[in-house]
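Undergrad:
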Amino acid sequence: MEIQGKIKMIGETKTFGNNGFRKRELVITTEEQYPQHILVEFVQDKCDLLNKHNVGETVKVSINLRGREWTNPQGEVKYFNSVQGWRIESLQTDQAESGMPPVAPIEAFEPAEELNEEDHDDLPF
153 MEIQGKIKMI GETKTFGNNG FRKRELVITT EEQYPQHILV EFVQDKCDLL NKHNVGETVK
213 VSINLRGREW TNPQGEVKYF NSVQGWRIES LQTDQAESGM PPVAPIEAFE PAEELNEEDH
273 DDLPF
């Protein structure tokens with residue numbers, strides 16, 4: 153699955169436990185009629201994927217949905233979901249990187265001054 157939108161927040165990498173588990177959070181704001189702020193977790197070596205991205209950048213994030221079951225000390229079963237990212241790519245095109253020359257702005261057209269209503273084009277279509 154994929155999510156597209158603008159980066160709203162990039163968190164710091166956090167390390168948990170003695171085993172060195174790493175997690176980094178990213179918030180993407182979708183660009184639709186009702187924008188959503190989606191929290192995406194990057195874990196372990198995937199945390200480093202966020203280093204080259206910045207807040208405000210438009211990106212596409214490849215994700216997996218994860219679900220867990222947990223039984224609390226009182227014996228109640230609880231369920232938790234998370235959105236886990238595994239790839240991120242920028243959707244902003246930088247002309248300098250693409251090797252394409254810059255495009256000149258389009259100038260407005262001036263209306264024709266000498267137009268005769270009796271002159272018609274005889275186009276076959």
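In our numbering, the protein residues as written are 153 to 277. Just so you know, even glycine gets a beta-carbon here, dropped at the ideal spot from N, CA and C. Predicted, not measured: the structure shown is a model, and the values here were computed from it.
Alpha carbons only, please: which of Ile155, Met153, Lys160 is nearest the one belonging to Glu209?
TA: Lys160
Undergrad: Would the segment 223-236 count as touching the segment 177-197 if we require 3 or more Cβ pairs under 8 angstroms?
TA: yes
Undergrad: Classify Arg176 as buried or exposed, calling it buried when 16 or more other Cβ atoms lie within 10 Å of its own Cβ.
TA: buried
Undergrad: May I ask you to report which of helix, strand or coil DSSP gives Gly157?
TA: Here DSSP, grouped into helix, strand and coil, assigns Gly157 to strand.
Undergrad: Can you tell which of Asp200, Glu241, Asn170 has its C-alpha closest to the C-alpha of Val213?
TA: Glu241
Undergrad: Any idea what DSSP makes of Leu243, helix, strand or coil?
TA: coil
Undergrad: Helix, strand or coil for Gln236 per DSSP?
TA: strand
Undergrad: According to DSSP, is Asn216 helix, strand or coil?
TA: Shown here, Asn216 sits in a strand according to DSSP, grouped into three states.
Undergrad: With respect to the beta strand (DSSP E) encompassing His205, which residues constitute its N-terminal and C-terminal limits?
TA: No beta strand (DSSP E) holds His205; DSSP gives it neither H nor E.
Undergrad: Measure the alpha-carbon distance for Asp197 versus Glu228 and round it to whole angstroms.
TA: 34 angstroms
Undergrad: Apply the 10 Å Cβ neighbour rule to Leu243 and answer buried if 16 or more other Cβ atoms are within range, or exposed otherwise.
TA: exposed
Undergrad: Would you report the Cα separation of Asn224 and Lys230, rounded to the nearest angstrom?
TA: 7 angstroms
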